[in-house]
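Enquirer: Residue numbering for the sequence shown follows the working numbering, starting at 1 and increasing by one per position.
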Amino acid sequence: MKRTALEKNLKANSPPLYPCSASPSISRSPFIVESQHKAFVDDVLQMIAEDMLPLNFTEGSGFRKFMTSMGPQYPQLSQHTIASQLYNAVEKTIKPQLIQQLRNCVSLVGGHNVIHITADIWASEHIEPLLAIQMHFLDEDWNVHRPTVAFRHLQCNQFTTKIGAEIESVLLSYGLFPHNIGYSIIHEAKNTIATHDIFCDYKIMYSAQKNDPDEDELLSFLDDQVTIDDFSIAEISSSKHLDCITTLLHCVIKEALKKSRVVEGILFEVQSVVSFFRRSIYWLEVLAKKCKLSLSGTYGTSRYTWNSTITIIREIMQESVWDLVMTLLNQARTEAESCHICPPVVHVTRDQVVDFVGLLEPFEEVVQVLQEDGITLSLIIPTIIGLDKTLETKATKFSLFCSVLRSGLRSYFQPIILRRDLILATVLDPRIKLQPFDNGKEKFKSSTLFTPSKYRASKVVESALSETATEMRGDKPEHVDRQSTELNQYLSELLSEEDVSVQTFWKEATRFPCLQSICRKFLAVPASSGGFKRLFPLASCIVRARRSRLPQHTTERLLLYREYLKKDSKNAME
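1) Helix, strand or coil for Gly71, going by three-state DSSP, please let me know.
2) Can you look up Thr625 in the DSSP assignment and give me helix, strand or coil?
3) Going by DSSP, what residue range makes up the alpha helix (DSSP H) through Gln101?
4) For a test of the three-state rule: what should DSSP assign to Arg511, helix, strand or coil?
5) Nearest CA to the CA of Ala395: which residue from Leu359, Ala132, Ser548, Leu86?
6) Is Thr451 near Ile385, with beta carbons less than 7 Å apart?
7) Using a Cβ-Cβ cutoff of less than 7 Å, which residues in the same chain neighbour Ala524 once the five nearest sequence positions on both sides are dropped?
8) Whose CA, out of Leu77, Lys389, Val106, Glu166, lies closest to the CA of Ala119?
9) Roughly how many whole angstroms lie between the Cα atoms of Phe199 and Val366?
10) Got a sec? Which residues, its chain only, sit under 6 Å from Phe413 by beta carbon, not counting five neighbours each side?
11) Please state the DSSP three-state secondary structure of His153.
12) Which stretch, first to last residue, makes up the alpha helix (DSSP H) that contains Gly175?
13) Counting pairs of beta carbons, one from the segment 95-104 and one from the segment 70-82, are three or more of them closer than 8 Å?
14) To which residues of the same chain is Lys57 closer than 7 Å at the C-beta, ignoring the five residues directly before and after it?
15) Rounded to the nearest angstrom, how far is the Cβ of Thr192 from that of Leu424, given a contact under 8 Å?
16) If you compare alpha carbons, which of Tyr174, Lys162, Glu140, Val41 is closest to Val149?
17) My output table needs one value for Glu392: the three-state DSSP class, helix, strand or coil.
18) Who are the near neighbours of Leu324 in its chain, counting only those whose CB is closer than 6 Å to its CB and skipping five residues on each side?
19) Which class does Phe66 belong to by DSSP, given the choice of helix, strand or coil?
20) How far does the beta strand (DSSP E) with Phe137 in it reach, from first residue to last?
21) Quick one: using the 10 Å Cβ neighbour count with 16 as the cut-off for buried, is Thr468 buried or exposed?
22) Assign Ser463 to one of two classes, buried (16 or more other C-beta atoms within 10 Å of its C-beta) or exposed (fewer than that).
23) Cβ of Asp355 within 7 Å of Cβ of Lys389?
24) Between which residues of its own chain and Phe522 is the CB-CB distance below 6 Å, once the five residues before and five after are set aside?
25) Buried or exposed: where does Ile186 fall if 16 or more other Cβ atoms within 10 Å of its Cβ makes it buried?
26) Can you list, in chain order, the residues of its chain with a C-beta nearer than 6 Å to that of Gln516? Leave out the 5 residues immediately preceding and following it.
27) Please report the straight-line C-alpha distance between Leu565 and Leu329, rounded to a whole angstrom.
28) To the nearest whole angstrom, what separates the beta carbons of Val252 and Leu409, a pair I think is in contact under 8 Å?
29) Pop quiz: Leu242 and Tyr282 are said to be a contact at Cβ under 8 Å. What is the actual Cβ separation, rounded to whole angstroms?
30) Around the Cβ of Glu215, are there at least 16 other Cβ atoms within 10 angstroms (buried) or fewer (exposed)?
31) Could you have a look at Gln225 and say whether DSSP puts it in helix, strand or coil?
32) Any idea what DSSP makes of Ala119, helix, strand or coil?
33) Could you compute how far the alpha carbon of Pro537 sits from the alpha carbon of Leu218?
34) I'd like to know if the segment 492-503 and the segment 82-91 are in contact, where contact means that at least 3 CB-CB pairs between them fall below 8 Å.
35) Would you please state the rounded distance, in angstroms, between the beta carbons of Leu370 and Thr195? I believe it to be under 8 Å.
36) Among residues of its own chain, excluding the 5 on either side of Leu487, which ones have a beta-carbon nearer than 8 Å to its beta-carbon?
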């Protein structure tokens, strides 16, 4: 397939050997030859970056034989040619453009604007720890950018104490200083993946069929990841640390399961059913034939779905499917001798599964919202408060499990929804404003969430306006009155529609200059570190780079080049 794709690409980007109006003896102009040569090198480099191949790939006899069969007009490429092209693309084009964007970003709001970062740490027993860093910022036109900017190897000895220094080193290489950093989300990749296994078990996803040639290596790499003892979050001077909200939601569910053994048993049995069918090719085919239900599909790393397990469970618990699945399991147990995978014994009823999934669905919806690439910081407070209210009114037979879930939300999220910046971001979302906050006085609750009042939220915004006005124009009485008028005017306007772009709203909201300045500091903050959507493609790249024995600087450049191409392609489609 790769050979066919490359062949089509080459034929599409180059003329025939002999143009219709010219004889073979007539040579083409040097400009045409040079432009075609560059396009050819770009195509080959793109292929190398996509598959994380070694740069000397073009010097292999197989590739050269393939190119000879394609046509003698294509030049032979050397490792030096590809390396030079990669170096020029990254060091002379991509990085300078990014540095200029970052410089323009921090110069906004009177030089007080900030960049936000997320970082993942891959700690393995057999290779050096790895650090991947992503930046999040708004440009002058209020467009959100989330480029991956670094991919670094760390020394094994005392590397936890060097994470902060390494991150600061990366920031300095892009012309940023600690005071230019707003929020940081820094986690172990292993912990992020491990906490998400309620909704998705990556081992089940990859073990059904050998769809991905890197499957065994990828699973081995993920299993090899170790938990770092005494891991302390690398605090960067002047930055604020934000926990990954979706990871905290999964922690709430896991702790509630430990306190409700009945519900934990239901989840275990249902997951065992999913695992059995995905691991047994024969019974998977029988299930597809009998129930018209397919659990296979092609799940490459680029198409990985974080909520795949819960989606499958939802399909199995359909009334028309459940009884057939139980019948197939009974049949598989009677034929257990001919099956190398032992079918599970299921004691739970369909009603119990429906009730249990009904309690998890609100969590799934919140996680799905907060893992999107859009503006999500302003959605944390309303989604968490809405989740708690949904559980409060939920009719369920698992009342203990439900109450423990609500108690977990109180433990993990009460300090978060009282954070000044999150309240600011919520009020300054034109789709939300003061809507999630209480009308009356705040009522403290010891076991469940209590909601901040509208009065508290308004005072937080007034305080931020006062600070911003002092920075912009000085603290004068007329400016104080102007701030109050600006806030009252903003709050008096009707809520924007849900599909309205928040960036577009504030880009055009020149009538609210102080509020506009505040928004620039929050609109690019992510609510999660990305989870499966970002970690699995990155893990696949790590595996391929390690297998190809790529040097650290080459790996980083290929990743930056790869992401630049992806972004360029996305912009072209838009």
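For every residue, glycine included, the Cβ atom is placed at its ideal position computed from N, Cα and C.
Expert: A quick look at the data gives this:
1) As a working note, residue 71 is residue 71 in the sequence shown. The answer is coil: DSSP assigns Gly71 none of H, G, I, E or B.
2) Outside the modelled stretch of the chain, which goes from 1 to 574, sits residue 625, for which no answer is possible.
3) Here the question's residue 101 lines up with position 101 in the sequence shown. 95-106 is the extent of the alpha helix (DSSP H) around Gln101.
4) For the purposes of this step, residue 511 is taken as residue 511 along the sequence shown, with counting starting at 1. Note: Arg511 maps to coil in three-state DSSP.
5) Residue mapping note: residue 395 aligns to position 395 of the sequence shown, counting from 1. Ranking Leu359, Ala132, Ser548, Leu86 by Cα distance to Ala395 puts Leu359 first.
6) Sequence index remark: in the sequence shown, residue 451 carries index 451 (1-based). Sequence index remark: in the sequence shown, residue 385 carries index 385 (1-based). Yes, the pair counts as a contact, with Cβ atoms nearer than the cut-off.
7) Here residue 524 refers to the residue found at position 524 when the sequence shown is read from its first residue. The answer, listed in chain order, is His116, His136, Phe137, Leu138, Val144.
8) Counting from 1 along the sequence shown, the entry for residue 119 is found at position 119. Here the closest residue by C-alpha is Glu166.
9) Working through the sequence shown from its first residue, we reach residue 199 at position 199. Working through the sequence shown from its first residue, we reach residue 366 at position 366. Going from the Cα of Phe199 to the Cα of Val366 covers about 13 Å.
10) The sequence position of residue 413 within the sequence shown is 413, counting from 1. Excluding positions up to five away in sequence, the list reads Ile384.
11) Counting from 1 along the sequence shown, the entry for residue 153 is found at position 153. Three-state result, His153: strand.
12) The residue labelled residue 175 in the question sits at position 175 within the sequence shown. That residue, Gly175, is in no alpha helix (DSSP H); it is neither H nor E in DSSP.
13) no
14) Taking the first residue of the sequence shown as 1, we reach residue 57 at position 57. Note on residue identity: the sequence assigns Phe, not Lys, to residue 57. Contacts found: Ile48, Phe63.
15) The sequence position of residue 192 within the sequence shown is 192, counting from 1. The sequence position of residue 424 within the sequence shown is 424, counting from 1. The Cβ separation is near 27 Å, so there is no contact.
16) Position 149 of the sequence shown holds residue 149. Among Tyr174, Lys162, Glu140, Val41, the Cα nearest to that of Val149 is on Tyr174.
17) Residue numbering aside, residue 392 sits at position 392 when the sequence shown is read from its first letter. The answer is helix: DSSP assigns Glu392 an H, G or I state.
18) To locate residue 324, count along the sequence shown from 1; it is residue 324. These residues qualify, in order along the chain: Lys290, Cys291.
19) Residue mapping note: residue 66 aligns to position 66 of the sequence shown, counting from 1. Reduced to three states, the DSSP call for Phe66 is helix.
20) Taking the first residue of the sequence shown as 1, we reach residue 137 at position 137. Segment 130-138, the beta strand (DSSP E) holding Phe137.
21) Residue mapping note: residue 468 aligns to position 468 of the sequence shown, counting from 1. Thr468 comes out buried.
22) Taking the sequence shown and counting its residues from 1, the one referred to as residue 463 is at position 463. It is exposed - the Cβ of Ser463 has fewer than 16 other Cβ atoms within 10 Å.
23) What you label residue 355 is simply residue 355 of the sequence shown in a count that begins at 1. What you label residue 389 is simply residue 389 of the sequence shown in a count that begins at 1. Not a contact, by the Cβ cut-off of 7 Å.
24) Within the sequence shown, residue 522 is the residue found at index 522, counting from 1. Closer than 6 Å at the Cβ level, and outside the excluded window around Phe522, lie Leu377, Ala425.
25) Reading the sequence shown from its first residue, position 186 is the one you call residue 186. With 16 or more other Cβ atoms within 10 Å, it is buried.
26) For the purposes of this step, residue 516 is taken as residue 516 along the sequence shown, with counting starting at 1. Excluding positions up to five away in sequence, the list reads Trp506, Ala509.
27) Numbered from 1 along the sequence shown, position 565 holds the residue referred to as residue 565. Numbered from 1 along the sequence shown, position 329 holds the residue referred to as residue 329. Approximately 47 Å between the Cα atoms of the pair.
28) Looking up residue 252 in the sequence shown gives position 252. Looking up residue 409 in the sequence shown gives position 409. Val252 to Leu409, Cβ: 6 Å. Contact.
29) Translated into positions along the sequence shown, residue 242 becomes position 242. Translated into positions along the sequence shown, residue 282 becomes position 282. That pair is no contact at about 47 Å.
30) Against the sequence shown, residue 215 aligns to sequence position 215. Counting Cβ neighbours within 10 Å, Glu215 comes out buried, since at least 16 surround it.
31) Against the sequence shown, residue 225 aligns to sequence position 225. If DSSP states are grouped into helix, strand and coil, Gln225 belongs with the strands.
32) Here the question's residue 119 lines up with position 119 in the sequence shown. Strand at Ala119.
33) Position 537 of the sequence shown holds residue 537. Position 218 of the sequence shown holds residue 218. Roughly 10 Å separates the two Cα atoms.
34) no
35) Walking along the sequence shown from the start, residue 370 turns up at place 370. Walking along the sequence shown from the start, residue 195 turns up at place 195. That belief does not hold up - the Cβ atoms of Leu370 and Thr195 are roughly 14 Å apart, past 8 Å.
36) Taking the first residue of the sequence shown as 1, we reach residue 487 at position 487. Around Leu487: Ser458, Val461, Glu462, Leu465, Leu515.
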